[in-house]
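K.L.:
Same order as they appear, the protein sequences are chains A and B.
The letter at position 149 of the first sequence is residue 148 when you use numbering that gives the first Met the number 0, and the numbering goes up by one with no holes.
The letter at position 35 of the second sequence is residue 34 when you use numbering that gives the first Met the number 0, and the numbering goes up by one with no holes.
Sharing a structure here in structure tokens format.
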Amino acid sequence: MNEAIRTQLSAFVDGELPENEAELLLRRLSQDAELRQQVAEFIAIGRAIRGDSQVTGIDKLRNRVSAALETAPSGGDVADDVPVDDRLVRPMIGFAIAATVALVAIFGLRQMAGVDDQAPQLAGGEEPASYTQQQPEDILEDELLRQMRRVHDESAADQSIKSRLTSLGISEDLDELESEDEEDEEDEAAPE
Amino acid sequence: MTHLQPERSALMLLALCGTLLAAPAVQAAGGDPHEWLDRMTIAVETTNYEGTVIRISDGRAEALKVLHTVSDGVIREKLIAQEGNGLEIIRNGNEVHCILPERKSVLVEAWNDQSTLFSTLPSSDIRFGSEYDVAIVREDRVAGHKTVLIAIRPHDEFRFGHRIWLDLGTGFPLQTQLIDAEGRALEQVKFADITLNKEILASDLAPSYSIENFKWYNQPRRKVTPVVESRWGIEDLPTGFRVISTNEEVLPGSEAAVSHILFSDGLANVSVFIAAHDGKNFAETSKVGASNSFSTMLDGFRVTAVGEVPPATVERFAKSTRLR
Numbered sequence: 000m001n002e003a004i005r006t007q008l009s010a011f012v013d014g015e016l017p018e019n020e021a022e023l024l025l026r027r028l029s030q031d032a033e034l035r036q037q038v039a040e041f042i043a044i045g046r047a048i049r050g051d052s053q054v055t056g057i058d059k060l061r062n063r064v065s066a067a068l069e070t071a072p073s074g075g076d077v078a079d080d081v082p083v084d085d086r087l088v089r090p091m092i093g094f095a096i097a098a099t100v101a102l103v104a105i106f107g108l109r110q111m112a113g114v115d116d117q118a119p120q121l122a123g124g125e126e127p128a129s130y131t132q133q134q135p136e137d138i139l140e141d142e143l144l145r146q147m148r149r150v151h152d153e154s155a156a157d158q159s160i161k162s163r164l165t166s167l168g169i170s171e172d173l174d175e176l177e178s179e180d181e182e183d184e185e186d187e188a189a190p191e
Numbered sequence: 000m001t002h003l004q005p006e007r008s009a010l011m012l013l014a015l016c017g018t019l020l021a022a023p024a025v026q027a028a029g030g031d032p033h034e035w036l037d038r039m040t041i042a043v044e045t046t047n048y049e050g051t052v053i054r055i056s057d058g059r060a061e062a063l064k065v066l067h068t069v070s071d072g073v074i075r076e077k078l079i080a081q082e083g084n085g086l087e088i089i090r091n092g093n094e095v096h097c098i099l100p101e102r103k104s105v106l107v108e109a110w111n112d113q114s115t116l117f118s119t120l121p122s123s124d125i126r127f128g129s130e131y132d133v134a135i136v137r138e139d140r141v142a143g144h145k146t147v148l149i150a151i152r153p154h155d156e157f158r159f160g161h162r163i164w165l166d167l168g169t170g171f172p173l174q175t176q177l178i179d180a181e182g183r184a185l186e187q188v189k190f191a192d193i194t195l196n197k198e199i200l201a202s203d204l205a206p207s208y209s210i211e212n213f214k215w216y217n218q219p220r221r222k223v224t225p226v227v228e229s230r231w232g233i234e235d236l237p238t239g240f241r242v243i244s245t246n247e248e249v250l251p252g253s254e255a256a257v258s259h260i261l262f263s264d265g266l267a268n269v270s271v272f273i274a275a276h277d278g279k280n281f282a283e284t285s286k287v288g289a290s291n292s293f294s295t296m297l298d299g300f301r302v303t304a305v306g307e308v309p310p311a312t313v314e315r316f317a318k319s320t321r322l323r
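In structure tokens:
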């Protein structure tokens with residue numbers, strides 16, 4: 000992803016992207032999962048840093064969908080000289096596409112960013128920062144907390160199966176551990 | 000004398016009929032819920048089974064194929080994730096192999112005897128005193144089996160409730176739910192299908208993958224130092240919770256030893272961790288499934304409470320932690 004797109008995304012989630020550019024970005028978002036993921040990360044970072052639950056970009060999208068619903072044409076509002084098929088179908092297609100694009104974007108982003116129900120709040124007295132700031136590793140579910148959960152699970156109800164089935168999961172653990180193969184290789188390479 | 004309106008009378012009659020019809024069903028399930036919990040404990044410890052479990056948490060559902068056998072007191076089981084990364088967990092006694100086929104890796108861990116799919120359920124050892132009520136609710140049907148529904152309801156807002164559906168014939172738990180104060184299921188485990196008392200062969204428990212060329216990792220054992228007299232205490236402990244253990248250990252991610260105090264009310268557990276603050280930012284609140292955490296600063300220490308309890312409970316534990 001190039002810097003221009005990154006800047007555009009950042010402006011979008013901050014609600015600072017011009018309307019026409021936002022429209023194009025929305026269309027691209029509806030088709031590009033990687034891009035949606037990137038926006039979701041921006042949103043999550045911003046929310047974590049600010050400790051708030053409102054996301055300007057999401058609100059803007061939501062407002063746009065509401066506006067589209069409110070301005071959706073009814074049969075009586077359409078000019079009489081337009082052929083019947085076009086009168087009814089064309090505006091509806093336009094509305095459907097706009098609403099679908101926006102809803103896909105909202106739904107995808109909310110799913111990825113956990114907009115509604117996972118709003119970690121900062122402790123430690125840090126000042127709020129911009130959404131464009133890179134994600135500090137220690138902001139969200141930090142490593143120490145992850146280990147605390149693990150120790151609690153093991154100590155409390157011995158819920159190892161549950162722990163292992165959650166997304167806290169094994170992959171991160173594997174990354175932290177050296178494999179036996181590597182240990183063996185190191186042993187073999189070590190001078191006697 | 001007050002005369003009831005005809006519609007209201009009809010409704011009352013219907014309600015009375017419903018009560019009379021439901022009563023024999025509950026009676027058939029047996030009158031003492033504690034006896035059912037005793038039966039459940041024995042069934043979980045002794046029953047061989049094969050089935051598909053659906054676990055629903057945080058709005059996500061995942062299916063697991065489970066094979067479980069106990070012989071000579073040794074648990075052997077195999078769990079296969081039906082979606083995602085194809086994770087397999089194979090257990091032979093206390094040794095557990097977590098197999099990740101996508102990464103061609105095996106993580107070897109040591110679990111203790113209590114680590115089972117149902118280890119969070121109440122055991123018959125637990126005495127429900129002032130913190131919970133336990134009651135038989137009704138008969139129901141789960142995975143084609145007749146069941147009795149047991150409800151465990153907390154008396155206050157500091158813990159979650161449970162609903163457990165037990166097989167009428169064996170007492171085996173076929174469905175469990177963790178319930179919040181509004182009666183919503185925060186997490187549930189439910190068998191979609193199950194064969195109880197099935198003979199499980201050793202070959203059934205072998206890995207589904209050829210793992211000879213996989214990378215093997217060993218999860219290092221935790222180095223825990225028990226502490227007899229902790230300098231930390233909880234000033235405003237919710238009713239019914241008591242200290243189960245106090246330890247110190249060095250966790251990955253911390254440089255110095257972290258104090259860990261485990262509390263339990265017999266069913267819900269809360270851990271309080273006290274770690275020297277390393278200057279890094281941390282999230283005050285966090286949630287994974289039904290597990291909540293709350294972190295705060297106290298005299299240069301980061302105090303974190305974690306547990307499958309409501310957010311208000313972990314907040315109260317963390318905020319009322321004090322140096323003695």
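Glycine is no exception: its CB is placed at the ideal position from the N, C-alpha and C atoms.
Here the structure is a predicted model, which means the values were calculated and not measured.
#1: Do L144 of chain A and S285 of chain B have their CB atoms nearer than 8 Å?
#2: Nearest to K103 of chain B by alpha carbon, out of B:G170, B:N212, B:I273?
#3: H259 of chain B versus chain A: which residues are under 9 Å apart at the beta carbon?
#4: In the structure shown, what three-state DSSP assignment does H276 of chain B receive?
#5: In or out: T45 of chain B buried (at least 16 other Cβ within 10 Å) or exposed?
#6: Could you tell me the boundaries of the beta strand (DSSP E) in which D139 of chain B lies?
#7: Give the residues of chain D in contact with T303 of chain B, contact being defined as C-beta atoms less than 7 Å apart.
#8: Using three-state DSSP, classify I199 of chain B as helix, strand or coil.
#9: When the distance is taken between beta carbons, is A191 of chain B closer than 8 Å to A255 of chain B?
#10: Compare the C-alpha of A184 of chain B against each of B:G160, B:P237, B:S207, B:N196 and name the closest.
#11: Touching or not, the stretch 79-96 of chain B and the stretch 63-70 of chain B, by the rule of three or more beta carbon pairs under 8 Å?
#12: Please classify Q176 of chain B: does DSSP put it in a helix, a strand, or coil?
#13: Let me know the alpha helix (DSSP H) ranges lying completely inside the stretch 240-276 of chain B, each 4 residues or longer, listed in chain order.
#14: Please confirm whether S244 of chain B and L266 of chain B have their CB atoms less than 8 Å apart.
#15: At the 8 Å Cβ level, is F272 of chain B part of the contact set with chain A, yes or no?
#16: Quick one: is E228 of chain B buried, meaning 16 or more other Cβ sit within 10 Å of its Cβ, or exposed?
#17: Counting beta carbon pairs with one atom in the stretch 194-207 of chain B and one in the stretch 35-54 of chain B, are three or more of them shorter than 8 Å?
#18: Measure from the C-beta of N47 of chain B to each C-beta in chain A and report whether the shortest distance is under 8 Å.
#19: For R335 of chain B, which residues from the same chain have a beta carbon less than 7 Å from its beta carbon, with the 5 sequence-adjacent residues on both sides left out?
#20: If the cut is a Cβ gap below 9 Å, which residues of chain A does N268 of chain B touch?
#21: Identify the continuous beta strand (DSSP E) that holds I98 of chain B and give its terminal residues.
#22: Looking only at its chain, what residues have a beta carbon closer than 6 Å to the beta carbon of K145 of chain B, apart from the 5 residues adjacent to it on each side?
#23: Give the straight-line distance between the Cα atoms of R59 of chain B and G30 of chain B, rounded to the nearest whole angstrom.
#24: Return the CA-CA distance between R90 of chain B and G83 of chain B, expressed in angstroms with no decimal places.
#25: Let me check understanding here. Comparing Cα to Cα, which of B:P100, B:I163, B:L99 lies closest to T40 of chain B?
#26: Contact criterion: CB-CB distance below 8 Å. Does K64 of chain B meet it with respect to chain A?
#27: Between R5 of chain A and V305 of chain B, how many whole angstroms is the CB-CB distance? I'm expecting something under 8 Å.
#28: Determine the closest residue to R241 of chain B out of B:K214, B:D264, B:D298, B:K222, with distance taken between C-alpha atoms.
#29: Below 7 Å between beta carbons is the criterion; list the residues of the stretch 281-301 of chain B that meet it against any residue of chain A, in chain order.
#30: Look up R75 of chain B in the DSSP assignment and say whether it is helix, strand or coil.
#31: From L8 of chain A to L177 of chain B, what does the alpha carbon distance come to, in whole angstroms?
#32: When burial is assigned at 16 or more other CB atoms within 10 Å of the CB, is P172 of chain B buried or exposed?
#33: So Q146 of chain A and L250 of chain B are supposed to be a Cβ contact under 8 Å. How far apart are they, rounded?
#34: N93 of chain B and A155 of chain A - do their beta-carbons sit closer together than 8 Å?
#35: Identify whether I193 of chain B lies in helix, strand or coil by the three-state DSSP scheme.
#36: Taking buried to mean at least 16 other C-beta atoms within 10 Å of its own C-beta, is E101 of chain B buried or exposed?
P.N.:
From the atom records:
#1: yes
#2: B:N212
#3: M147, V150, H151, S154
#4: coil
#5: exposed
#6: 131-141
#7: Among the protein chains of the structure shown, namely A and B, there is no chain D.
#8: coil
#9: no
#10: B:G160
#11: yes
#12: strand
#13: none
#14: no
#15: yes
#16: exposed
#17: yes
#18: no
#19: Outside the displayed span of chain B (0 to 323) sits residue 335 of chain B, for which this structure offers no information.
#20: H151, S154, A155, A156
#21: 94-99
#22: L167
#23: 36 Å
#24: 20 Å
#25: B:I163
#26: no
#27: The Cβ separation is near 35 Å, so there is no contact.
#28: B:D264
#29: F281, A282, E283, T284, S285, K286, V287, G288, S290, S292, S294, T295, M296
#30: strand
#31: 39 Å
#32: buried
#33: 4 Å
#34: no
#35: strand
#36: exposed
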